[in-house]
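In my numbering, the protein residues as written are 241 to 392.
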(Lines of atoms letter the chains of each structure in order from A; the text may use other names.)
(Lines give C-alpha, C1' and ligand atoms only; values in the text may rest on other atoms or scores of the structure.)
Protein backbone atom coordinates (compact mmCIF):
# COMPACT_ATOMS: atom_id res chain seq x y z
CA UNK A 241 0.00 0.00 0.00
CA UNK A 242 1.32 3.41 -0.93
CA UNK A 243 1.54 6.07 1.75
CA UNK A 244 -0.39 9.31 1.85
CA UNK A 245 2.93 11.15 1.58
CA UNK A 246 3.70 9.23 -1.65
CA UNK A 247 0.39 10.27 -3.25
CA UNK A 248 0.82 13.89 -2.15
CA UNK A 249 4.40 14.07 -3.48
CA UNK A 250 3.41 12.36 -6.73
CA UNK A 251 0.64 14.92 -7.22
CA UNK A 252 3.01 17.84 -6.51
CA UNK A 253 5.64 16.48 -8.90
CA UNK A 254 3.07 15.82 -11.65
CA UNK A 255 1.70 19.35 -11.26
CA UNK A 256 5.21 20.78 -11.51
CA UNK A 257 5.94 18.73 -14.66
CA UNK A 258 2.65 19.85 -16.20
CA UNK A 259 3.51 23.51 -15.66
CA UNK A 260 6.99 23.42 -17.21
CA UNK A 261 9.58 21.08 -18.69
CA UNK A 262 11.60 19.40 -15.96
CA UNK A 263 14.47 16.96 -16.04
CA UNK A 264 14.80 13.89 -13.86
CA UNK A 265 17.41 15.54 -11.65
CA UNK A 266 15.19 18.60 -10.99
CA UNK A 267 12.29 16.38 -9.93
CA UNK A 268 14.52 14.25 -7.68
CA UNK A 269 15.80 17.38 -5.94
CA UNK A 270 12.29 18.75 -5.56
CA UNK A 271 11.03 15.48 -4.10
CA UNK A 272 13.82 15.55 -1.51
CA UNK A 273 12.64 19.00 -0.41
CA UNK A 274 9.11 17.59 -0.11
CA UNK A 275 10.48 14.99 2.33
CA UNK A 276 10.17 11.98 0.03
CA UNK A 277 12.25 8.90 0.85
CA UNK A 278 14.73 7.48 -1.67
CA UNK A 279 12.41 4.57 -2.55
CA UNK A 280 9.40 6.86 -3.00
CA UNK A 281 11.46 9.28 -5.07
CA UNK A 282 12.56 6.52 -7.45
CA UNK A 283 9.01 5.17 -7.79
CA UNK A 284 7.63 8.65 -8.49
CA UNK A 285 10.35 9.41 -11.06
CA UNK A 286 9.75 6.06 -12.80
CA UNK A 287 6.01 6.68 -12.91
CA UNK A 288 6.41 10.23 -14.25
CA UNK A 289 8.87 9.03 -16.89
CA UNK A 290 6.59 6.17 -17.96
CA UNK A 291 3.62 8.56 -18.24
CA UNK A 292 5.76 11.07 -20.23
CA UNK A 293 5.58 13.81 -17.60
CA UNK A 294 9.39 13.71 -17.58
CA UNK A 295 11.43 13.27 -20.74
CA UNK A 296 15.07 14.29 -20.45
CA UNK A 297 15.55 14.47 -24.23
CA UNK A 298 12.54 16.77 -24.63
CA UNK A 299 13.75 18.88 -21.68
CA UNK A 300 17.29 19.14 -23.09
CA UNK A 301 16.11 20.35 -26.50
CA UNK A 302 13.72 22.90 -24.98
CA UNK A 303 16.35 24.13 -22.51
CA UNK A 304 19.01 24.57 -25.21
CA UNK A 305 16.62 26.44 -27.54
CA UNK A 306 15.36 28.73 -24.79
CA UNK A 307 18.79 29.59 -23.39
CA UNK A 308 20.09 30.32 -26.88
CA UNK A 309 17.13 32.31 -28.19
CA UNK A 310 16.12 34.21 -25.06
CA UNK A 311 19.28 34.21 -22.93
CA UNK A 312 21.71 34.58 -25.86
CA UNK A 313 23.91 31.83 -24.39
CA UNK A 314 26.57 30.05 -26.39
CA UNK A 315 26.86 26.28 -26.76
CA UNK A 316 29.60 25.95 -24.14
CA UNK A 317 27.53 27.60 -21.43
CA UNK A 318 24.38 25.67 -22.36
CA UNK A 319 26.29 22.38 -22.33
CA UNK A 320 27.81 23.16 -18.95
CA UNK A 321 24.41 24.03 -17.44
CA UNK A 322 22.91 20.80 -18.78
CA UNK A 323 25.80 18.74 -17.39
CA UNK A 324 25.12 20.32 -14.00
CA UNK A 325 21.59 18.91 -14.30
CA UNK A 326 23.13 15.46 -14.89
CA UNK A 327 21.92 15.17 -18.49
CA UNK A 328 23.67 12.55 -20.65
CA UNK A 329 26.35 13.87 -23.03
CA UNK A 330 24.65 12.32 -26.10
CA UNK A 331 21.44 14.24 -25.34
CA UNK A 332 23.37 17.47 -24.84
CA UNK A 333 25.26 17.00 -28.11
CA UNK A 334 22.00 16.29 -29.95
CA UNK A 335 20.31 19.40 -28.55
CA UNK A 336 23.30 21.66 -29.32
CA UNK A 337 23.43 20.37 -32.89
CA UNK A 338 19.83 21.52 -33.35
CA UNK A 339 20.88 25.16 -32.98
CA UNK A 340 21.19 26.56 -36.54
CA UNK A 341 24.79 27.61 -37.29
CA UNK A 342 23.75 30.73 -39.23
CA UNK A 343 21.51 31.93 -36.41
CA UNK A 344 24.25 31.12 -33.89
CA UNK A 345 26.83 33.22 -35.75
CA UNK A 346 24.34 36.06 -36.31
CA UNK A 347 23.44 36.15 -32.61
CA UNK A 348 27.10 36.41 -31.63
CA UNK A 349 27.68 39.17 -34.19
CA UNK A 350 24.69 41.14 -32.85
CA UNK A 351 25.84 40.71 -29.24
CA UNK A 352 29.36 41.89 -30.06
CA UNK A 353 28.12 44.92 -32.01
CA UNK A 354 25.89 45.95 -29.10
CA UNK A 355 28.72 45.47 -26.62
CA UNK A 356 31.10 47.48 -28.80
CA UNK A 357 28.77 50.50 -28.55
CA UNK A 358 28.93 50.53 -24.76
CA UNK A 359 32.56 49.45 -24.28
CA UNK A 360 35.16 51.93 -23.15
CA UNK A 361 38.58 51.29 -24.65
CA UNK A 362 41.85 53.02 -25.52
CA UNK A 363 42.75 51.10 -28.66
CA UNK A 364 41.58 48.29 -30.93
CA UNK A 365 43.65 45.71 -29.05
CA UNK A 366 41.88 46.48 -25.77
CA UNK A 367 38.49 46.49 -27.51
CA UNK A 368 39.09 43.06 -29.06
CA UNK A 369 40.12 41.69 -25.65
CA UNK A 370 37.00 43.03 -23.98
CA UNK A 371 34.73 41.72 -26.73
CA UNK A 372 36.43 38.32 -26.67
CA UNK A 373 36.05 37.99 -22.89
CA UNK A 374 32.42 39.12 -23.10
CA UNK A 375 31.57 36.52 -25.76
CA UNK A 376 33.47 33.80 -23.88
CA UNK A 377 31.53 34.62 -20.70
CA UNK A 378 28.34 34.09 -22.70
CA UNK A 379 29.55 30.61 -23.60
CA UNK A 380 30.61 31.04 -27.21
CA UNK A 381 33.57 29.03 -28.50
CA UNK A 382 36.94 30.69 -29.14
CA UNK A 383 37.02 29.82 -32.85
CA UNK A 384 33.69 31.45 -33.66
CA UNK A 385 34.49 34.47 -31.48
CA UNK A 386 37.76 35.12 -33.34
CA UNK A 387 36.07 34.62 -36.70
CA UNK A 388 33.28 37.04 -35.75
CA UNK A 389 35.70 39.66 -34.40
CA UNK A 390 37.26 39.83 -37.88
CA UNK A 391 33.86 40.89 -39.26
CA UNK A 392 33.39 43.78 -36.83
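The beta carbon of each residue, even a glycine, is placed where N, CA and C say it ideally should be.
Since we're looking at a predicted model, the values are computed, not measured.
- If only uninterrupted alpha helix (DSSP H) runs of at least 4 residues are considered, those enclosed by the region 330–392 are 341–358, 364–377, 382–390.
- Distance from residue 256 to residue 262 at the Cβ level is roughly 6 Å; contact confirmed, criterion being Cβ atoms closer than 8 Å.
- Spanning the alpha carbons of residue 276 and residue 254 requires a straight line of approximately 14 Å.
- The DSSP assignment places 264–273, 278–290, 296–309, 315–324 as complete runs of the alpha helix (DSSP H) inside the region 249–335, in order along the chain (cut-off: 4 residues).
- Around the C-beta of residue 373, fewer than 16 other C-beta atoms lie within 10 Å, and the residue is accordingly described as exposed.
- The beta carbon of residue 314 sits closer than 6 Å to the beta carbons of 378, 379, 380 from its chain, once the five residues preceding and following it are set aside; these are given in chain order.
- 299 is the residue among 288, 299, 388, 271 whose C-alpha sits nearest the C-alpha of residue 321.
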